[in-house]
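Here the structure is laid out as structure tokens; the discussion comes afterwards.
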Amino acid sequence: MFNLIRNEWMKIFKRVGTYVMLGLLVAIIGITGATSKYLDSQTKVSDEWKKEVQTQIAADKESLKESNMPGYIKEETEKNIAINEYRLENDLKPYEKSNVWSYVQDNAYLVMFVGLFTIIVSAGIVASEFTWGTIKLLLIRPISRSKILISKYITVLLYGLSQLVVLFVVSFLLGLILFGGIGESAHLAYVDGAVVEQNMVWYLIKTYLLKTIDVAMMATMAFMISAVFRSSSLAIGISVFLLFMGSNLTTLIAMKFDWAKFSLFANTDLTQYTGFQQPVVKGMTMGFSITMILVYFVIFQVLAFVFFTKRDVAS
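The opening position of the sequence shown corresponds to residue 1 in UniProt numbering, with each subsequent residue numbered one higher.
Pasting the structure below:
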């Protein structure tokens, strides 16, 4: 199995596109760093920050009186009120200068690019064998189709994980260069109706680890489509569309229907349970989301294995 994974890994890094995607990721991180540095130089912490926070709290409380406010927005507003009140009580300024950890936190949204690049690799790792006609040479070896497919899938996951590591490490190093020392910073989370301070380093590590689930599931879906339809273009097209639109569409549906919680995209972002944001549908728990992820994972894997192992290669 190790040799199969190594061979697949070597195939990935023999392609120019792999280095292009790596270069793009580093370039995007650099652009966000330059932008953050510029904005940071233009931002000043007001001496009247407490009055500004009090004004924001009053405005948020007034907006809660609207009877037609969607439940999701209402919960988010209540969270903001609680966090701002906590800031006033504990004298915590909301607009501090950037440091390395706040920069790494801001770059967490770049995981969507990691997902995009992983989808591209995942979509092509099976379909390209059929496109290039190398699948027959691959299958005449005394190795089961299941092992071949497993090795390809593990390679995809390792690639996605390596991209996440690159994102975190490069963001950290660039943050040190641009914003200086590490410093101390606390993350304010809204958990079970109360505001709690969390260690920023632990929060960021947890955030990036949880986001690996999101990347892994999108890669798994692209992998399944690639194995079933033998088309990397179809796998990339569908997966990329759902990567960028799936969660937004689910959020819109969730404003009206609770059954949206059974959607894959309502559950893959496990950071919604870290106190940074509210669950898409009220009442959802991490246990529920993990269960739904496992259900979709099994469905995707069964489809991929059934079609790949039973298909007549000559057809």
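Note that CB positions come from ideal geometry on N, CA and C, so glycine has one too.
DSSP bridge partner residues for residue i (one or two, in chain order)
{"i": "Gln198", "result": "His187"}
Rounded straight-line distance, which links the Cα of residue j to that of residue i
{"i": "Lys51", "j": "Ser98", "result": "22 Å"}
{"i": "Ile290", "j": "Ile81", "result": "29 Å"}
{"i": "Ile143", "j": "Ser102", "result": "48 Å"}
{"i": "Phe223", "j": "Thr212", "result": "16 Å"}
{"i": "Ser239", "j": "Val281", "result": "23 Å"}
{"i": "Thr220", "j": "Asp91", "result": "46 Å"}
{"i": "Gln54", "j": "Tyr86", "result": "11 Å"}
{"i": "Trp49", "j": "Lys93", "result": "7 Å"}
{"i": "residue 317", "j": "Ile236", "result": "The structure shown does not extend to residue 317, since the chain spans only 1 to 315, so no value can be given for it."}
{"i": "Ile73", "j": "Phe307", "result": "43 Å"}
{"i": "Leu88", "j": "Met69", "result": "26 Å"}
{"i": "Glu8", "j": "Val295", "result": "27 Å"}
{"i": "Ile150", "j": "Leu161", "result": "16 Å"}
{"i": "Ser122", "j": "Leu164", "result": "15 Å"}
{"i": "Leu25", "j": "Val114", "result": "8 Å"}
{"i": "Ser36", "j": "Lys14", "result": "34 Å"}
{"i": "Val201", "j": "Leu167", "result": "15 Å"}
{"i": "Ala186", "j": "Lys147", "result": "46 Å"}
{"i": "Gly17", "j": "Leu234", "result": "18 Å"}
{"i": "Phe229", "j": "Ile31", "result": "37 Å"}
{"i": "Gly38", "j": "Asp60", "result": "This sequence places Tyr at residue 38; Gly is not what is there. If you take the alpha carbons of Tyr38 and Asp60, they lie about 30 Å apart."}
{"i": "Gly193", "j": "Arg145", "result": "50 Å"}
Where residue i sits in the DSSP three-state scheme
{"i": "Thr285", "result": "coil"}
{"i": "Gln301", "result": "helix"}
{"i": "Ile81", "result": "helix"}
{"i": "Glu66", "result": "coil"}
{"i": "Arg6", "result": "helix"}
{"i": "Leu88", "result": "helix"}
{"i": "Gln278", "result": "coil"}
{"i": "Ser226", "result": "helix"}
{"i": "Glu48", "result": "coil"}
{"i": "Val262", "result": "The amino acid at residue 262 is misidentified as Val; the sequence shows Phe. In this structure, Phe262 counts as helix in the three-state DSSP scheme."}
{"i": "Lys11", "result": "helix"}
{"i": "Ser257", "result": "A small fix is needed here, since residue 257 is Phe in this sequence, not Ser. Note: Phe257 maps to coil in three-state DSSP."}
{"i": "Asp269", "result": "coil"}
{"i": "Gly175", "result": "helix"}
{"i": "Gly30", "result": "helix"}
{"i": "Met217", "result": "helix"}
{"i": "Asp192", "result": "coil"}
{"i": "Asn248", "result": "helix"}
{"i": "Ile143", "result": "coil"}
{"i": "Met1", "result": "coil"}
Neighbourhood of residue i by C-beta, 6 Å cutoff - its chain only, sequence neighbours within 5 removed
{"i": "Leu210", "result": "Leu270, Thr271"}
{"i": "Gly33", "result": "Leu174, Leu178"}
{"i": "Leu252", "result": "none"}
{"i": "Ser247", "result": "Phe265"}
{"i": "Ala227", "result": "Val126, Ala304, Phe307, Phe308"}
Neighbourhood of residue i by C-beta distance below 7 Å, restricted to the same chain and skipping five residues each side
{"i": "Phe262", "result": "Met292"}
{"i": "Ile83", "result": "Leu188, Tyr190, Val195"}
{"i": "Leu204", "result": "Trp101, Val104, Gln105"}
{"i": "Lys152", "result": "Glu8, Ile125, Val126"}
{"i": "Ile154", "result": "Ile5"}
Cβ neighbours of residue i in the same chain (closer than 8 Å, five flanking residues each side left out)
{"i": "Thr207", "result": "Gln105, Ala108, Thr271, Thr274, Phe276"}
{"i": "Leu157", "result": "Ala216, Ala219"}
{"i": "Ile28", "result": "Leu110, Phe113"}
{"i": "Leu249", "result": "Phe265"}
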